[in-house]
Structure formats: structure tokens, C-alpha cells
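Positions in the sequence shown are counted from 1; adding 305 to them yields my numbering.
Okay, structure first, notes after.
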Amino acid sequence: MTVPFSADHRPDPAVPTTKHDEELVQRVNEALTADDRTRNEIIEVYGAEGRVTLSGEVHSPEAKRAAELIARDVCGRENVLNHLTVS
Numbered sequence: 306m307t308v309p310f311s312a313d314h315r316p317d318p319a320v321p322t323t324k325h326d327e328e329l330v331q332r333v334n335e336a337l338t339a340d341d342r343t344r345n346e347i348i349e350v351y352g353a354e355g356r357v358t359l360s361g362e363v364h365s366p367e368a369k370r371a372a373e374l375i376a377r378d379v380c381g382r383e384n385v386l387n388h389l390t391v392s
């Protein structure tokens, strides 16, 4: 099932988030903050229907990939949408 997104890649506000989604977002944020590769990046994490979306700008392709891998470790491979860009 796909999650509707607005033009800026944020989950559609019409799709309700659940406590599970909020917990996933919190766990991903904690994992990103704990990792040296992503600690200093500004990454926005949104959750809906058991999936998380990463958005924002990071400083390197390595940081972009690391953020995705970290989120996948928390949420599972199929539950992460990476919309990060490299500045």
C-alpha cells in the first residue's frame, strides 16, 4: 500500500498517524542522533501507516546512505522512504 504524500514529500495530513508511527519516528530519530555518521545532519523523520520518510539535506552521499540504513535497522527494509538530498 502506498502512502499519499504532499508535494514536499511529507505524509498527507489526511492519513492519521498512530502511536506505533510516533514510536517509530522517535526510535529512528534516536538512532540517527546516536550515530556519528548522521549526528550532525538535519534530517526530518515522518511516520504514517508503519512507514517512515526521511527528508531534508545532508552533507554527503555517505550520510544519506547511512541515514537510510539506520532507519531500515529500526523499521525494516520495505518501510523506509528516503527523500534526502545531498547539498
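Glycine is no exception: its CB is placed at the ideal position from the N, C-alpha and C atoms.
From a predicted model like this one, the values you see are computed outputs, not experimental measurements.
key: Runs of alpha helix (DSSP H) wholly within the region 355-379 (minimum 4 residues, chain order)   = none
query = Over what stretch of residues does the beta strand (DSSP E) that includes residue 390 continue unbroken?
reply = Taking the first residue of the sequence shown as 1, we reach residue 390 at position 85. Looking at the DSSP string, the run of the beta strand (DSSP E) that includes residue 390 is 385-391.
ask   = What's the call for residue 323, buried or exposed, on a 16-neighbour Cβ count within 10 Å?
value = Position 18 of the sequence shown, counted from the start, is the residue given in the question as residue 323. Answer is exposed; the Cβ neighbour count stays below 16.
message = Applying the 10 Å Cβ sphere with the 16-neighbour rule, what's the burial state of residue 341?
response = Looking up residue 341 in the sequence shown gives position 36. Exposed, because fewer than 16 other Cβ atoms sit within 10 Å of the Cβ of residue 341.
request  = Determine the closest residue to residue 384 out of 364, 335, 351, with distance taken between C-alpha atoms.
outcome  = The residue labelled residue 384 in the question sits at position 79 within the sequence shown. Checked all of 364, 335, 351; the closest Cα to residue 384 is 351.
request  = Drop a sphere of 10 angstroms on the beta-carbon of residue 353, count the other beta-carbons inside from all chains shown, and report buried for 16 or more, exposed for fewer.
outcome  = Translated into the one-based positions of the sequence shown, residue 353 becomes position 48. It counts as buried.
inquiry  = Measuring only the C-alpha atoms, how far is residue 307 from residue 388?
reply    = The sequence position of residue 307 within the sequence shown is 2, counting from 1. The sequence position of residue 388 within the sequence shown is 83, counting from 1. Because residue 307 sits at a pLDDT of 34, beneath the cut-off of 50, its placement in the model cannot be relied upon, and the point is left open.
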